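Just below is one structure, and these are the notes that go with it.
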Amino acid sequence: MVKFILKFLLLMLVLFIGVFIGMEKAHQGMQDMKGYEDVSLPPPVHITESEDGKIEAALLGNEINHTEELARKKKDLESLETFNFFSSMGKALASFVTEATKSLIDFIMGLFK
Numbered sequence: 271m272v273k274f275i276l277k278f279l280l281l282m283l284v285l286f287i288g289v290f291i292g293m294e295k296a297h298q299g300m301q302d303m304k305g306y307e308d309v310s311l312p313p314p315v316h317i318t319e320s321e322d323g324k325i326e327a328a329l330l331g332n333e334i335n336h337t338e339e340l341a342r343k344k345k346d347l348e349s350l351e352t353f354n355f356f357s358s359m360g361k362a363l364a365s366f367v368t369e370a371t372k373s374l375i376d377f378i379m380g381l382f383k
């Protein structure tokens, strides 16, 4: 089973890379057909290094910026703090109901002894 999973993942990786290679070849073919480089037709995968040494990447015209993504995720986590209040209230209610049920069962069992 482990061999199958490894083979499957390797095959999926090869096919995924093949799709991007095919997209790049299609982009080059489109430029060759036009005869000039069209600025409105960006390459599918574009990687550049800025002056300060940072690597910038774009996938299908969308820039990949991890700092903005991390800031967005941090903001999402901060908004989840409001839900933690309701979670703690639910946990407190659950523990109260559990303890009340246990004490009620103990009381009823004490009547039959």
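Residue numbers (our numbering): 271 to 383.
Just so you know, even glycine gets a beta-carbon here, dropped at the ideal spot from N, CA and C.
Quantities reported herein were computed from a predicted structural model and do not represent experimental measurements.
Task: Presumed contact (8 Å Cβ cut-off) between GLU319 and ILE325, rounded CB distance - done: The sequence position of residue 319 within the sequence shown is 49, counting from 1. The sequence position of residue 325 within the sequence shown is 55, counting from 1. Between ILE325 and GLU319 the Cβ distance is about 5 Å, and since that is below 8 Å, they are a contact.
Task: Nonlocal neighbours in the same chain, by C-beta distance under 6 Å from PRO313, ignoring five residues either side - done: The residue given as residue 313 occupies position 43 in the sequence shown. HIS297, listed in sequence order.
- [ ] Per DSSP, which residues does VAL315 bridge with? Please list them.
- [x] Numbered from 1 along the sequence shown, position 45 holds the residue referred to as residue 315. Note: VAL315 sits in a beta bridge opposite LEU329.
TODO: Inspect the beta-carbon positions of GLU339 and VAL315 and report whether they are closer than 8 Å.
DONE: Counted from its first residue, the sequence shown places residue 339 at position 69. Counted from its first residue, the sequence shown places residue 315 at position 45. No, they are not a contact pair.
Open item on the list: Give me, in chain order, the residues of the same chain whose beta-carbon lies closer than 7 Å to that of PHE290; leave out the 5 immediate sequence neighbours on both sides.
Closed with: As a first step, residue 290 is located in the sequence shown; it is residue number 20 there, counting from the start. Here the set comprises PRO314, VAL315.
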